Amino acid sequence: MSRRRSPDRIDAVVARLRFLAETDPAACQRLALDILRSENSPRAIEPALKLLASDPPTEARLTLRDLYWAFHREPIRRDIDCELRTSIVEMLRTLNSGADADIAEAAISTIQPTPPGMVDVAQPLRAGGLLLMAQIDPEIAAYHAAALVTDPHTSAFSGEPAATAIRLLAGMRQFLPIWGAARRPGLPPEALAAALEALGGAPASLVLTLLHDHLTAATARGPEGEADILVIGDAAFTGRFAAMYEAIADRVAATTNVNLARYLAVAARRSADEAAIEAMRAAAQRASMPIRDAIAESIPPARERRDPSVRP
């Protein structure tokens, strides 16, 4: 049965837990399990989960399951940001019992709008649930992944859960759902990067059209589209899609985003494609001085060739 503790008592328990982590790992593990079984406060539960996360003992599984369902029943009050449930799902993946499909399903289906803005914060939980399901039943996981690649609540920052779904499908060589998602506008940059990497073996003409369409859409969004331009440029240089180089160089020459120019200069150099390198040199010649300097960090200007017939 869980028991309530005063804040001072919770602080003392957590302090002892951290002390034992340094001095007696076995006792620390026992105390962490006791905390998970008996405490209500996230202030005690969170450090206990963290200390068990890297190597959870087998006997923790049932406790973790009970705790997950307790948070699932009262998500806003007990796990408002979904971090505790996400941690539990990761630990169940580590334990890999093969018997936690119910929790995987619950995690995959969780949408948690959080006040005051009522923005969903459960994207990492859905991604973790998908990976847990992939351990248990890859076929069912593939169906969930095909849905999650177009998750309407995908994070604009992390690209989750779409990015994880794309990587999972790519590992299963299920490329058609990825292609379908990549052809639609609006994939966040991290998910777009995962899709372009997964589609590296697709017919070159199709990938070229995909890159061109995304570059056009990103350019139309102005500075907001520059994260996509970075992803598209990297994919074009990595895949040696030379037909894209001039258009990418035009975007770099026009930008004021030093980080964009610096990243794409590194990508061009890493490709070892002289045409990509020359495209970035051409962009530098037309760019402002800060952009020119950022490109020159990775791609120095070409040396002028001296006519051997002209004597110095």
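Here the sequence shown stands for residues 17 to 328, numbered as in my numbering. Each residue gets a CB set at the ideal place from its N, CA and C atoms; glycine is no exception. Since the model is a prediction, treat every value here as computed from it, not as a measurement.
Query, Result
"The ligand GDP heavy atom lying under 8 Å from the CB of L208", "In the structure on display, the ligand GDP does not appear, and there are no ligands present to speak of."
"Buried versus exposed, by CB contacts within 10 Å (16 or more), A214", "buried"
"Cut-off 8 Å between Cβ atoms - residues of its own chain near M107, not counting five sequence neighbours on either side", "L65, L68, A69, P72, A76 and L80"
"D136 in three-state terms, based on DSSP", "strand"
"Assigned secondary structure, T235 (DSSP; H/G/I helix, E/B strand, else coil)", "helix"
"Alpha carbon of E155 to alpha carbon of A117, nearest angstrom", "12 Å"
"Rounded separation between R199 and A220 - CA only", "15 Å"
"Status (buried if at least 16 other CB within 10 Å, exposed otherwise) for P316", "exposed"
"9 Å Cβ cutoff met for A300 and A292", "no"
"Within the region 286-316, ranges of the alpha helix (DSSP H) (whole runs, at least 4 residues)", "290-302 and 305-312"
"Any chain B beta carbon closer than 9 Å to I264", "Annotation note: the requested chain B is absent from the structure, which comprises a single protein chain."
"F35 burial status per 10 Å Cβ neighbour count (16 or more: buried)", "exposed"
"Pick from R32, A234, P205 and H160 that is closest to I124, judged by C-alpha positions", "H160"
"C-alpha distance - L33 paired with A122, whole-angstrom precision", "30 Å"
"T39, buried or exposed, once every other Cβ within 10 Å from all chains shown has been counted against 16", "exposed"
"Contact set for L208: own chain, Cβ-Cβ below 6 Å, skip 5 residues either direction", "V247"
"Enclosing alpha helix (DSSP H) for P219 [first to last residue]", "Taken as a continuous stretch (DSSP letters only), P219 belongs to no alpha helix (DSSP H), as it is neither H nor E."
"For A172, the nearest candidate out of A60, L276, L148 and V135 (CA to CA)", "V135"
"Neighbourhood of L212 by C-beta, 6 Å cutoff - its chain only, sequence neighbours within 5 removed", "A251"
"Between the CA atoms of A42 and T110 - distance to the nearest angstrom", "19 Å"
"Every unbroken beta strand (DSSP E) within the region 23-74, with a cutoff of 3 residues, ordered by chain", "none"
"Minimum length 4: unbroken alpha helix (DSSP H) runs contained in the region 176-230", "178-187, 192-198 and 205-214"
"Reference N112; option with closest CA among L222, A37, A281 and D153", "D153"
"Which residues DSSP lists as bridging D130, in chain order", "The displayed chain sequence assigns Thr, not Asp, to residue 130. According to DSSP, which records beta bridges pairwise, T130 is partnered with V135."
"Distance between beta carbons of I182 and A218, contact taken as under 8 Å", "About 13 Å separates the two Cβ atoms, so there is no contact after all."
"Beta-carbon proximity of T254 to A303, cut-off 9 Å", "no"
"For F87, three-class secondary structure by DSSP", "helix"
"DSSP state of N275 mapped onto helix, strand, coil", "helix"
"Exposure of I201, with buried meaning 16 or more beta-carbon neighbours within 10 Å", "The sequence shown places Pro at residue 201, rather than the Ile named in the question. Exposed is the call here."
"Exposed unless 16 or more other CB atoms sit within 10 angstroms - verdict on P177", "buried"
"Residues near Q139 in its chain [Cβ-Cβ closer than 6 Å; skip 5 each side]", "S171, E176 and P177"
"E320 classed as buried or exposed, judged by whether at least 16 other C-beta atoms fall within 10 angstroms", "Any answer about E320 is weak, because its pLDDT of 48 lies below 50 and its placement is not dependable; what the coordinates show is given next. So E320 counts as exposed."
"Range of the contiguous alpha helix (DSSP H) that encloses D244", "E242 to G255"
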